[in-house]
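Using UniProt numbering, the letters of the sequence shown correspond one by one to residues 1 to 623.
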Amino acid sequence: MLDLHHILVQLHNDLGYAANDEGACALYAEKAIDAFLAGERDVFNFRNQYISKKYTQFPGLFFQAKEEGKLLSRKELTSENAFLSDVERQMIFDVAAFFDQGELYMQPERYTAVFGTPISQNSPEKIAYYAQPLAINRHQLDSFSGIYTEKELHQYIISMRQLAQNYAGDFALSLGSDNHRIGLCYSHSDNCWQLNDVNQPDLPPIPAVDANDQLIAYALQLLFNDKNNNCAFITRLITTNSCKERFKAHVDGFFNEEHFKNIHEITTERVHRVNSRGATLAWIAAKNGDAKTLDCLTRFKADNGEHLVDFNQSTKDGITPACVAANNGDIAILHILENIKKADGTHLVNFNKPALNGVTPAYMAALTGQPEALRFLAQIKDADGKILVDFNLQANDGATPAFIAANKGNDEVLSVLVSFKTPDGAPLVDFNLPTLNGATPAFIASQEGYTKTLRVLANLKSSEGMPLIDFNKSTIDGATPVFIATLSGHAEILRILTGIKTPDGLPLVDFNKPENNGFTPVHMAVQLDQIEALRVLASIKAPDGRLLVDFNKPSNDGIMPIFIAVSNGNLEIVKLLIDVGVKLDCLFDGRTPLQFAEGQGHIEIASLLRAATQDKEPLTYRF
1 MLDLHHILVQ LHNDLGYAAN DEGACALYAE KAIDAFLAGE RDVFNFRNQY ISKKYTQFPG
61 LFFQAKEEGK LLSRKELTSE NAFLSDVERQ MIFDVAAFFD QGELYMQPER YTAVFGTPIS
121 QNSPEKIAYY AQPLAINRHQ LDSFSGIYTE KELHQYIISM RQLAQNYAGD FALSLGSDNH
181 RIGLCYSHSD NCWQLNDVNQ PDLPPIPAVD ANDQLIAYAL QLLFNDKNNN CAFITRLITT
241 NSCKERFKAH VDGFFNEEHF KNIHEITTER VHRVNSRGAT LAWIAAKNGD AKTLDCLTRF
301 KADNGEHLVD FNQSTKDGIT PACVAANNGD IAILHILENI KKADGTHLVN FNKPALNGVT
361 PAYMAALTGQ PEALRFLAQI KDADGKILVD FNLQANDGAT PAFIAANKGN DEVLSVLVSF
421 KTPDGAPLVD FNLPTLNGAT PAFIASQEGY TKTLRVLANL KSSEGMPLID FNKSTIDGAT
481 PVFIATLSGH AEILRILTGI KTPDGLPLVD FNKPENNGFT PVHMAVQLDQ IEALRVLASI
541 KAPDGRLLVD FNKPSNDGIM PIFIAVSNGN LEIVKLLIDV GVKLDCLFDG RTPLQFAEGQ
601 GHIEIASLLR AATQDKEPLT YRF
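Set out below in structure tokens:
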């Protein structure tokens with residue numbers, strides 16, 4: 001049986017949200033905090049139990065609930081036609097709302113239109129404005145980052161318990177490490193802590209007494225997977241708007257306490273600590289948008305002025321602070337990193353340093369749709385005015401920022417990349433660089449049917465007016481943008497490709513170029529019954545009216561499109577092929593198209609071919 005973490009991921013994907021194996025911890029922790037602040041912890045727990053019990057029946061149950069909801073609104077739902085009880089129907093809608101709200105916590109970068117600006121998971125307060133019940137009025141009072149030894153983590157919990165006792169009210173802590181998030185809620189009425197972790201959803205409340213401080217500290221080490229290692233995370237102090245002023249008075253004093261300062265003071269030893277995955281204090285601050293801590297680290301220097309913090313130090317998977325800041329689109333963090341200089345005045349941070357999989361800060365900004373981060377990276381220059389960020393660096397699979405933007409259909413990001421120029425006005429970005437399998441931005445846009453993306457690429461031209469994109473570049477399988485658009489049934493993409501011409505008005509795209517097996521776009525359109533794609537191909541003509549697409553071109557094994565159409569029994573496509581004048585007296589496997597139709601019992605097609613066939617010697621395409 002799946003645990004709750006994997007159940008949430010599976011159900012999230014089954015309900016039609018963009019597939020994502022990460023982010024469930026943020027969804028769970030933040031929604032648990034929302035429920036706690038709203039006084040609905042029991043509802044939260046009951047919903048999780050329901051999800052764990054019923055997840056295999058979704059989304060069928062949700063579809064059933066929607067249909068019954070429609071009947072109910074029309075007063076047509078009766079006990080005879082109702083499959084669900086009123087209680088279960090409402091529970092299903094509650095689960096759907098939970099995922100709808102939780103999706104914003106899980107992958108907020110997909111919802112720029114909702115937030116009005118690109119944001120990341122490290123902005124839970126902004127997300128909560130849209131993802132929480134309005135009655136909560138959640139408020140993040142402050143935040144701070146730390147990297148703690150086992151002893152210091154124990155002291156951290158003691159400090160939090162003392163804050164809880166002094167404040168005498170409910171509050172929550174959102175704890176975010178390099179790859180996980182946990183909620184820690186304090187209930188004043190129960191004098192208990194509640195740990196909220198998607199990997200351990202059934203943890204009982206823990207009384208907030210000194211005898212349990214060590215237990216909670218140890219639990220955090222285990223939950224963050226940092227047993228026997230330093231534990232690094234940001235703490236976000238959260239309450240409600242109605243309580244924020246009273247809580248703030250206690251928090252301000254809390255930050256000035258010696259026991260708090262002792263475990264957060266920046267020291268040479270502390271800045272060089274790492275957790276079990278290689279994250280440093282600087283990394284945690286960059287990841288979670290803690291500009292205050294990161295700025296303090298930039299001022300931590302040796303007597304000779306050299307920085308004592310390695311701001312290029314990556315985690316074990318090679319991700320640097322610059323990379324994670326670009327991923328989040330965090331301009332404030334990027335600005336701090338950009339301003340860090342060596343003694344000679346050059347930039348200390350390497351904004352081109354790739355992770356183990358080859359991704360760079362520019363790649364990550366393109367991946368998560370952060371146009372402002374890309375613009376910021378483009379203005380980082382050396383003393384001679386040269387842009388230091390290489391926007392053409394490829395990941396291990398060959399993908400560039402341009403490719404990933406096209407793959408996501410992010411026209412805004414692609415347009416930003418188009419705007420980057422060299423000093424002489426030429427494009428800075430190479431939009432023809434292929435991945436290891438040969439796919440270019442034009443190819444992937446054609447495959448996915450991104451018409452706006454393809455138009456952005458088609459409008460890229462040289463000073464002489466020639467298109468800068470090679471729309472005939474093929475993958476290692478020989479597939480071109482035309483071929484893949486036809487294969488995918490994207491007729492509108494084909495129409496855009498037909499309009500790409502030289503300054504003299506001649507077609508620039510080769511609509512006859514076959515893939516490695518000799519199949520042309522016509523072959524694929526016929527084989528997949530793509531009648532609209534065939535109509536587009538049939539409309540491509542020279543100025544003198546001559547058809548430019550070869551509907552008779554055989555594949556490597558000698559088969560022509562007409563034979564495929566006949567074998568498929570598609571009368572409409574056979575009619576179209578006859579109308580464009582395909583040869584009907586050719587042979588494949590010793591038979592004509594008419595003989596194929598007769599042999600396979602396609603009576604209407606056979607009659608059509610018989611009427612259209614001219615009395616002349618057959619042409620054989622055999623290799």
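Positions of the beta carbon are idealized from the N, C-alpha and C atoms, including for glycine.
Reduced DSSP category for residue i - H, G, I as helix; E, B as strand; rest coil
i	result
N407	helix
N312	coil
T239	strand
L576	helix
F588	strand
I559	coil
R110	helix
I234	strand
P467	strand
D550	coil
N212	helix
A172	strand
G183	strand
L337	helix
D295	helix
Q90	helix
H307	strand
P207	strand
Y621	Caution applies to Y621, whose pLDDT of 39 falls short of 50 and renders its modelled position unreliable; the value that the coordinates give is listed next. Three-state DSSP puts Y621 in coil, outside helix and strand.
Sequence-distant residues of its chain with Cβ nearer than 6 Å to residue i (five each side left out)
i	result
S474	T480
G102	L27 and K31
Q229	Just to set this straight, residue 229 is Asn in the shown sequence, not Gln. Taken in chain order, the residues that qualify are N275 and S276.
Q132	D34 and R138
F623	Residue placement at F623 is poorly supported in this model, since its pLDDT is 28, which falls under 50; the coordinates are not used for a value here.
Cα-Cα separation, residue i to residue j
i	j	result
Y167	D252	11 Å
P554	V582	12 Å
I484	T360	28 Å
M466	G409	24 Å
Q600	S567	7 Å
L468	A399	19 Å
F42	R181	Going by the sequence as given, residue 42 is Asp instead of Phe. Distance between the alpha carbons of D42 and R181 is about 21 Å.
M91	R47	8 Å
Y129	S52	27 Å
D142	I238	8 Å
A165	E67	Note on residue identity: the sequence assigns Gln, not Ala, to residue 165. Going by the C-alpha atoms only, they are around 51 Å apart.
N437	D470	16 Å
H5	L222	16 Å
K70	I319	49 Å
G244	Q155	The sequence given here has Lys at residue 244, not Gly. Distance between the alpha carbons of K244 and Q155 is about 25 Å.
D440	V536	Note that residue 440 is Thr in the sequence shown here, rather than Asp. If I take the Cα positions, the gap works out to 23 Å.
Closest Cα partner of residue i within the set the options
i	options	result
I496	D430, A442 and S463	A442
Q379	L334, Q394, L348 and A402	L334
K151	G69, N327, F511 and I216	I216
K461	P503, H490 and I493	P503
D170	P593, F36, L104 and E306	F36
I404	D384, R535 and T453	T453
A533	G505, L11, D86 and S446	S446
L377	F420, L356, D397 and N396	F420
D384	G590, A373 and P423	P423
K386	V418, A355, L428 and N396	L428
L393	N20, E412 and N432	N432
E412	A366, D397 and A395	A366
C25	D3, G39, A38 and E40	D3
E492	V482, N517 and T451	T451
8 Å Cβ shell around residue i - same chain, five flanking residues per side excluded
i	result
D382	T346, H347 and L388
D390	N352, T360 and A362
residue 673	Residue 673 lies beyond the residue range present for the chain, which begins at 1 and ends at 623; the question has no answer from this structure.
Contacts around residue i, its chain only, beta-carbon distance under 7 Å, and the 5 residues preceding and following it disregarded
i	result
D14	F58 and P59
V309	V271, A282, L297 and F300
F260	S159 and F254
E306	A343
Distance cut-off 7 Å: residue i Cβ against heavy atoms of the ligand MG
i	result
I127	This structure lacks the ligand MG; in fact it carries no ligand of any kind.
Is the region 228-239 close to the region 263-277, with three or more CB pairs under 8 Å?
yes
With a threshold of 8 Å, are at least 3 pairs of Cβ atoms found where one atom belongs to the region 287-296 and the other to the region 182-194?
Contact between the region 287-296 and the region 182-194 is absent, with fewer than three C-beta pairs closer than 8 Å.
Are the region 111-130 and the region 202-214 touching, with three or more C-beta to C-beta distances below 8 Å?
A contact between stretches requires three or more CB pairs, one per stretch, nearer than 8 Å, and the region 111-130 fails this requirement with the region 202-214.
Quick check: the region 191-202 against the region 107-115, are there 3 or more CB pairs under 8 Å?
no
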